[in-house]
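In our numbering, each residue carries its 1-based index in the sequence shown increased by 37.
Taking it in order: structure first as structure tokens, then the write-up.
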Amino acid sequence: MLSSPALTPPAGIRLPRPTWRPATAVWLLSLWLAVAGNLPLWLRVNELAGTPTQRLALLGGFGLVVLGITAALLSLLAWPRVFRPVATALVLVSAFNTHFMLQYGAVIDPTMLANVVQTDVREVRDLMSWALPLTVLLVAGLPLWVIWRRPLAMRSWLPQTGRNALGALVGVVAVVAATLLTYQDLASLMRNHKELRYMVNPVNTVYAASRLAVDQLPRQVQALKPVGEDARLGASYSGQSKPPLLMVVVGETARAQNFGLNGYARNTTPALARWQAEEGLVNFSQVHSCGTNTKVSVPCMFSPLTRTQGGDQTPEHENLLDVLQRAGLAVLWIDNQAGCKGVCARVPNASTLDLKLPGLCDGGECLDPAMLDGLDARIAALDPVRRARGVVLVMHQMGSHGPAYSHRSSAERKPFMPECTSNTLSDCPPEQLVNAYDNSIAYTDHFLDLSLRWLKEREQSGAFQTGLIYMSDHGESLGESGLYLHGVPYALAPEQQTHVPMVAWLSPGLQQRSGVGEKCLRAQADKPISHDHLFHSVLGLMDVQTQAHDQTLDMLAPCAAAYARAGEAPRRPAS
């Protein structure tokens, strides 16, 4: 077949590669991102809209707002050497966001992005499913092929600067016009459903990353402000026959609603119920978290600041463990999670990552009882002078971490069957999803039972006076209102993500030592408590004297005060 001379270049001459005009590339990509890249947003808006007329106005008006914002952003980046990598990143971010918003009802705010940055390999593995690459391919495949098939046309910098500025201005005008035309409906929608602002792809991620950089990076290069520099041990340590040993168990993703001791229809906490009936364990039923994810809640639990004082922000102060160590106690953190979020950075700490325990550590992660393996040896390795005064041991659980709830309990300890074994939670029948989650709560009950037995044995051996405080870091959504997992911004978070379980047990020796009796402790059980109380309650229980101890936030202080007034124990010096 002969080729047309007009269509075939002379031998040795290469035709220039086809290119995109920057404005064309910007607006085509913006249109794709506004439509395909924001499918979860449009499904949510369609669900919230009232009449067909209102639905059309909201989808059209809000869609033009998203298009204009995206085009304005991309116009500022429409430079030949910049556009491809930035556009690729934004397309991929939109695709990944689309998957997690569709599957779990997640929203992308600064806290969620910070949590993503700190996610470890185990957590990433739990989130992998066939739906993820499929969603990424559908949302990102076509635009990435187009972006890398044709580069932007090269122009001198001065004319291109003007064109980019003009494109950004057109985008802003589109946003203003759409807002004015649909102001009443749009303002009402955004006012009543603030979560929508965190669903706009990829602007949500750009905003979150910018906030993280501005708010957190400067704090991370500054030295922490010292807390409790006057910390010292109180009178109870004078001539003590046995030192105290307090175990603080940081729960993971346990919600109070599914905790048997809180009246749940299922008996997910049979062992704790026995400890409550026979051994003086106390359940606290009205406890709320500081945050809705581990990155916020764990540092806040140990912070000297309350949530309203900034305890939920990137820490600027030392924490409870620093004060305990400064007072002269031995402190040890054992982690079965993705790290202590900086809380244990200045105290002895250990992780289960390297443990190889048959039946407990399989598939690259350990079940929580692995933290008890070799625990005596770990404590014996602490500074002997500090250990002789007293020990505070923190155990950071894997607990009920999702979405792979079925991995959080051993095969022989699954009382609720059949259970969901998929990490695509929306694909599971609701009853099987709840079964898997409840099995993880029942396994936490088992772990706490083992921990309490271990503590009781150390008390009976004469080695320590022992106690345990268990408090979960945050709760979890199991499909209520279309939400799964956790991490919804606190102001918008449902009760399932903020109402958490808590129990406390003090041996007779530690009750006598601290003046915190079981009867009085039970009287505190139904009072409102939050993560704000842990810092001060542990200081009080361990008799650490410091101006940092706020008696009004010490949930055990009323018991100690009543005990002292009754003349049953020497009154501790005032903080």
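Built from N, CA and C at the ideal position, the CB exists for glycine as well.
What three-state label does DSSP hand residue i in the structure shown?
{"i": "residue 236", "result": "helix"}
{"i": "residue 434", "result": "coil"}
{"i": "residue 573", "result": "helix"}
{"i": "residue 264", "result": "coil"}
{"i": "residue 269", "result": "strand"}
{"i": "residue 614", "result": "With the chain represented from 38 up to 612, any question about residue 614 goes unanswered, as that position is not in the structure."}
{"i": "residue 334", "result": "helix"}
{"i": "residue 281", "result": "strand"}
{"i": "residue 467", "result": "helix"}
{"i": "residue 525", "result": "coil"}
{"i": "residue 507", "result": "strand"}
{"i": "residue 494", "result": "helix"}
{"i": "residue 86", "result": "coil"}
{"i": "residue 291", "result": "coil"}
{"i": "residue 325", "result": "strand"}
{"i": "residue 355", "result": "coil"}
{"i": "residue 63", "result": "helix"}
{"i": "residue 402", "result": "strand"}
{"i": "residue 145", "result": "coil"}
{"i": "residue 588", "result": "helix"}
{"i": "residue 595", "result": "helix"}
{"i": "residue 52", "result": "For residue 52, the predicted model reports a pLDDT of 49, less than 50, meaning its position is unreliable; a value from the coordinates is still stated below. Coil."}
{"i": "residue 397", "result": "coil"}
{"i": "residue 369", "result": "strand"}
{"i": "residue 91", "result": "helix"}
{"i": "residue 543", "result": "strand"}
{"i": "residue 182", "result": "helix"}
{"i": "residue 39", "result": "Interpretation of residue 39 is limited by its pLDDT of 42, a score under 50 that renders its predicted location unreliable; the figure taken from the coordinates is listed afterwards. Reduced to three states, the DSSP call for residue 39 is coil."}
{"i": "residue 57", "result": "strand"}
{"i": "residue 304", "result": "coil"}
How about residue i and residue j: are their beta carbons less than 8 angstroms apart?
{"i": "residue 74", "j": "residue 295", "result": "no"}
{"i": "residue 435", "j": "residue 289", "result": "yes"}
{"i": "residue 522", "j": "residue 235", "result": "no"}
{"i": "residue 173", "j": "residue 132", "result": "yes"}
{"i": "residue 591", "j": "residue 568", "result": "no"}
{"i": "residue 273", "j": "residue 550", "result": "yes"}
{"i": "residue 446", "j": "residue 488", "result": "no"}
{"i": "residue 540", "j": "residue 339", "result": "no"}
{"i": "residue 123", "j": "residue 129", "result": "no"}
{"i": "residue 125", "j": "residue 181", "result": "yes"}
{"i": "residue 529", "j": "residue 429", "result": "no"}
{"i": "residue 246", "j": "residue 171", "result": "no"}
Based on Cα-Cα distance, which residue from the options lies nearest to residue i?
{"i": "residue 313", "options": "559, 344, 430", "result": "559"}
{"i": "residue 205", "options": "106, 417, 58, 432", "result": "106"}
{"i": "residue 109", "options": "490, 251, 240, 423", "result": "240"}
{"i": "residue 459", "options": "441, 471, 427", "result": "441"}
{"i": "residue 268", "options": "361, 351, 84", "result": "361"}
{"i": "residue 451", "options": "439, 469, 463, 216", "result": "469"}
{"i": "residue 405", "options": "166, 432, 354, 128", "result": "432"}
{"i": "residue 492", "options": "543, 359, 252", "result": "543"}
{"i": "residue 473", "options": "305, 127, 531, 380", "result": "305"}
{"i": "residue 243", "options": "86, 183, 199, 146", "result": "146"}
{"i": "residue 163", "options": "554, 564, 438", "result": "438"}
{"i": "residue 58", "options": "581, 382, 196", "result": "196"}
{"i": "residue 193", "options": "117, 152, 177", "result": "117"}
{"i": "residue 531", "options": "226, 427, 328", "result": "328"}
{"i": "residue 154", "options": "332, 520, 79", "result": "332"}
{"i": "residue 392", "options": "373, 366, 347", "result": "373"}
{"i": "residue 514", "options": "498, 527, 533, 501", "result": "533"}
{"i": "residue 56", "options": "465, 185, 323, 576", "result": "185"}
{"i": "residue 484", "options": "397, 503, 381", "result": "397"}
{"i": "residue 303", "options": "399, 454, 417", "result": "454"}
{"i": "residue 121", "options": "401, 575, 228, 187", "result": "187"}
Pull up the CB-CB distance for residue i and residue j, whole angstroms please, since I reckon it's below 8 angstroms.
{"i": "residue 330", "j": "residue 148", "result": "6 angstroms"}
{"i": "residue 579", "j": "residue 283", "result": "6 angstroms"}
{"i": "residue 208", "j": "residue 112", "result": "6 angstroms"}
{"i": "residue 481", "j": "residue 512", "result": "In fact, because the Cβ distance is near 13 angstroms, the residues do not count as touching under 8 angstroms."}
{"i": "residue 537", "j": "residue 291", "result": "6 angstroms"}
{"i": "residue 547", "j": "residue 281", "result": "6 angstroms"}
{"i": "residue 506", "j": "residue 285", "result": "5 angstroms"}
{"i": "residue 462", "j": "residue 524", "result": "So it is not a contact: roughly 14 angstroms between Cβ atoms."}
{"i": "residue 358", "j": "residue 384", "result": "5 angstroms"}
{"i": "residue 323", "j": "residue 564", "result": "7 angstroms"}
Do the segment 400-415 and the segment 258-277 touch if we need at least three Cβ pairs shorter than 8 angstroms? no
With contact counted as at least three CB pairs below 8 angstroms, one residue from each stretch, are the segment 86-95 and the segment 59-78 in contact? no
Quick one: any contact between the segment 420-427 and the segment 373-383, if contact means 3 or more CB pairs under 8 angstroms? no
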